[in-house]
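Numbering (mature numbering (1 follows the signal peptide of the UniProt record, and there is no 0)) for the sequence shown: -24 to -1, 1 to 64. Note that the Cβ used here is the ideal one computed from N, Cα and C, for glycine as well. None of the values given here were measured: they were computed from a predicted structure.
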Amino acid sequence: MRRFVLSVTIPALAFVAAAGAARAQDRPVTDDERARITAALSAHTCQPGTIEMDDGLFEVDNAVCADGKKYDFKFKPDMTLVEKKLDT
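And the structure:
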């Protein structure tokens, strides 16, 4: 019985620790970061929508681009584009 409890408890604790670490990366975007993201979006001929830091990535929701469509973007902290997805 003790072995079963340990085999369930240890993975559960690891999951809770990982979830806490991910949440720790969610935070408000600074003015400097917002300016860098706006510049990165400008290179894609887009204007920013809602910007947030989530799970270590900058997420931009509802950016309006030159084609008139809305897109969601994800950038790494160094402003490398991770994802550009048409907002449906």
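Could you give the first and the last residue of the continuous alpha helix (DSSP H) run that contains residue i?
i     : result
Ala15 : 7 to 18
Answer with buried or exposed for residue i, where buried requires no fewer than 16 other C-beta atoms within 10 angstroms of its C-beta.
i     : result
Val36 : buried
Ala62 : This sequence places Leu at residue 62; Ala is not what is there. By the 10 Å Cβ count, Leu62 comes out exposed.
Leu57 : exposed
Ala39 : buried
So what does DSSP say about residue i, is it helix, strand or coil?
i       : result
Asp48   : strand
Thr26   : strand
Arg(-2) : With a pLDDT of 49 at Arg(-2), under the threshold of 50, the modelled position of this residue cannot be trusted; read the value that follows with caution. Note: Arg(-2) maps to helix in three-state DSSP.
Considering just the uninterrupted stretch of the beta strand (DSSP E) at residue i, what are its terminal residues?
i     : result
Thr21 : From DSSP, Thr21 is part of no beta strand (DSSP E); its letter is neither H nor E.
Asp37 : 33 to 41
Looking only at its chain, what residues have a beta carbon closer than 6 Å to the beta carbon of residue i, apart from the 5 residues adjacent to it on each side?
i          : result
residue 97 : Beyond the ends of the chain as shown, which are -24 and 64, falls residue 97; an answer cannot be given.
Lys60      : Tyr47, Phe49
Beta-carbon within less than 8 Å of residue i's beta-carbon, same chain only, minus the 5 sequence neighbours each way: which residues are those?
i    : result
Arg3 : Met29
Tell me which same chain residues have a C-beta within less than 7 Å of the C-beta of residue i, skipping the five on either side of it?
i     : result
Ile27 : Val5, Arg10, Ile13, Phe34, Val36
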